[in-house]
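Novice: Here it is, the structure in full.
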Ligand SMILES: [Zn+2]
Ligand SMILES: [Zn+2]
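Residue numbers (this note's numbering): 1 to 304.
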């Protein structure tokens, strides 16, 4: 097995066979191409990247740290501690802190509980409201990331969502017949409200398997088990997509590149207003975070 680029012995075969060095170059160039093609980052931008400590977000942060010097933008990392036992890994904070120190990137660490001033950790708090854990966790993450980024003066919020994530979410949502989500299936979701920060997804055209190889070849330490275990347990799509992959190896990349070309009609985007209690953008009168806090007050007489 030889590297398609330099003909030295190949060390990895995902879509193509590469040696270590050629794989790293190929991977970085693909991310850079997406950043440039969709104009995700411009000089002087202030980019905050949400990092879980897993292979996807750390690969993304590593490439952005390199690009920050070329494109001349500011980069900082944020990690949100969810406070759900199954999803929290005690090594995570230390791993991300070291990663940022090595690259000279500022690092913010926030916990759901402290930021929202909750009386208990999220898992405990949710027992008192009837909401499913995963959807609440996702809503709270979006709320905190957007608010924090805006308050700290960032103008772009980056995540490590890769082609595999996009394809999985695409199938789940497509089947539910709800198309509000469709504007999120792009490398960039531009702000549609003065209080909403533009979202960018630089790994839109990379595969999970490539992120794994990238962290390995670049010697990036990953905090194991940082992917949400609730999410994994329920997810049959990973299995379904794996079987498609075996027959059509470039299926996922083909699908995300197709999504890039879809024109999004504005009718798919719900108009946003400001929550009557906290002032954050929402499509209802009171945002889901304030409704969740209100449920806690009613159920346990919490006075927070
Ligand atoms: Zn090579
Ligand atoms: Zn609110």
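Glycine residues also receive a C-beta, built at the ideal position from the N, C-alpha and C atoms.
(1) Among 59, 52 and 71, which residue has its Cα nearest to the Cα of residue 39?
(2) For residue 144 and residue 301, I'd like the C-alpha separation in whole angstroms.
(3) Touch check for the stretch 4-15 and the stretch 152-159: three-plus C-beta pairs under 8 Å?
(4) Within 8 Å, do at least three Cβ pairs link the stretch 55-62 to the stretch 193-208?
(5) I'd like to confirm the pairing. Which residues does DSSP put opposite residue 189 in its beta bridges?
(6) Can you check the stretch 144-179 for any alpha helix (DSSP H) of at least 4 residues that lies completely inside it and give the ranges in chain order?
(7) Would the stretch 89-101 count as touching the stretch 276-292 if we require 3 or more Cβ pairs under 8 Å?
(8) Should the stretch 39-57 be regarded as contacting the stretch 144-154, the criterion being three or more beta carbon pairs within less than 8 Å?
(9) Mark residue 298 as exposed unless 16 or more other C-beta atoms lie within 10 angstroms of its C-beta, in which case mark it buried.
(10) Whose C-beta lies closer than 7 Å to the C-beta of residue 213 among residues of the same chain, with five residues either side of it excluded?
(11) Hey, quick one: how far does the beta strand (DSSP E) through residue 73 stretch, first residue to last?
(12) Rounded to a whole number of angstroms, what is the C-alpha to C-alpha distance between residue 290 and residue 140?
Specialist: Once the coordinates are examined:
(1) Considering only alpha carbons, the answer is 71.
(2) 24 Å
(3) no
(4) These segments touch.
(5) Bridge partners of residue 189: 199.
(6) The qualifying runs are 163-176.
(7) no
(8) yes
(9) exposed
(10) 12, 14 and 23
(11) Boundaries for residue 73: no beta strand (DSSP E) harbours it, and the DSSP string shows neither H nor E there.
(12) 10 Å
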